[in-house]
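Residues are numbered in our numbering as their position in the sequence shown, beginning at 1, plus a constant of 7.
Beta carbons are placed, not taken as given, at the ideal position from N, Cα and C, and that holds for glycine.
Beneath this line is the structure, given in structure tokens, with notes to follow.
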Amino acid sequence: MQVFRVYHHKIKGYKAVPMGFSLSAFITSFIWAASNSLWGKAFLLFLGFIVMGAAAAGGVVLKFPLLSLSAIAGVAVLPLWAGMQGQQWVCDRLENQGYALTKRITAGSASKAIAAAKRDEERHKPAATQKDTAPRPAATFGKDFRDIRDNAAPNSNQPPPREFNAKPWKRR
Numbered sequence: 008m009q010v011f012r013v014y015h016h017k018i019k020g021y022k023a024v025p026m027g028f029s030l031s032a033f034i035t036s037f038i039w040a041a042s043n044s045l046w047g048k049a050f051l052l053f054l055g056f057i058v059m060g061a062a063a064a065g066g067v068v069l070k071f072p073l074l075s076l077s078a079i080a081g082v083a084v085l086p087l088w089a090g091m092q093g094q095q096w097v098c099d100r101l102e103n104q105g106y107a108l109t110k111r112i113t114a115g116s117a118s119k120a121i122a123a124a125k126r127d128e129e130r131h132k133p134a135a136t137q138k139d140t141a142p143r144p145a146a147t148f149g150k151d152f153r154d155i156r157d158n159a160a161p162n163s164n165q166p167p168p169r170e171f172n173a174k175p176w177k178r179r
């Protein structure tokens, strides 16, 4: 079972992104980034491989073993960077395209995660359409326990901090 982030766009539908290390991004790095329309990351990875390869070759020709070893270490670090950050890059691209994070679900596949998110949305829909009750607010990750965490309860004498981030999972 794997944890998925399920995103929803009103027009484009649902997308599920697995969380964690991306083995395909680790193995193919800039090709994986280009196939996922991450053109800036693909260019940086490709340029990094070119520069590190040139530095390794230059270290061999100029007989600087430290330069060659450093360049080889750089070539080893680039795929690690892509593997560890790849899924986050995909999530950021989806958020920039207008997708909203709906749910984090543990499921066996992306299609099962999307189906579970749809079922959950359908289950909460009838409660929100009743006219005699107020609609239930959607879950906002990071704000649910803000009054406990920040001492920013409605009757608190302290204002919420200025640096409060509504998306705590997103890196600055």
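query = For residue 63 versus residue 75, is the C-beta spacing smaller than 8 angstroms?
reply = yes
ask   = Which residue's Cα is closest to the Cα of residue 100: 47, 36, 29?
value = 47
message = Using a Cβ-Cβ cutoff of less than 6 angstroms, which residues in the same chain neighbour residue 113 once the five nearest sequence positions on both sides are dropped?
response = 8, 10
Residue 3 (DSSP reduced to helix, strand or coil) = For residue 3 there is no data in the structure shown, the boundaries of the chain being 8 and 179.
task = Can you check DSSP and say which residues form a bridge with residue 22?
result = 14
query = Any contact of the region 107-123 with the region 48-56, i.e. 3+ C-beta pairs under 8 angstroms?
reply = no
ask   = With DSSP run on the structure shown, which of helix, strand or coil describes residue 110?
value = strand
message = Can you find the residues in the same chain that come closer than 6 angstroms, C-beta to C-beta, to residue 79, ignoring five residues on each side of it along the sequence?
response = 63
message = Runs of 4 residues minimum, wholly inside the region 21-93: which ones carry the alpha helix (DSSP H) assignment?
response = 30-35, 37-42, 46-68
Nearest-angstrom Cα separation, counted from residue 81 out to residue 25 = 27 angstroms
request  = Answer yes or no: do residue 125 and residue 21 have a C-beta to C-beta separation smaller than 8 angstroms?
outcome  = yes
task = Give the single residue among 15, 39, 14 whose Cα lies nearest to the Cα of residue 91.
result = 39
Presumed contact (8 angstroms Cβ cut-off) between residue 89 and residue 32, rounded CB distance = 4 angstroms
request  = Tell me whether the beta-carbon of residue 29 lies closer than 8 angstroms to the beta-carbon of residue 94.
outcome  = yes
query = By a C-beta neighbour count over all protein chains shown, 10 Å radius and 16 as the cutoff for buried, is residue 34 buried or exposed?
reply = exposed
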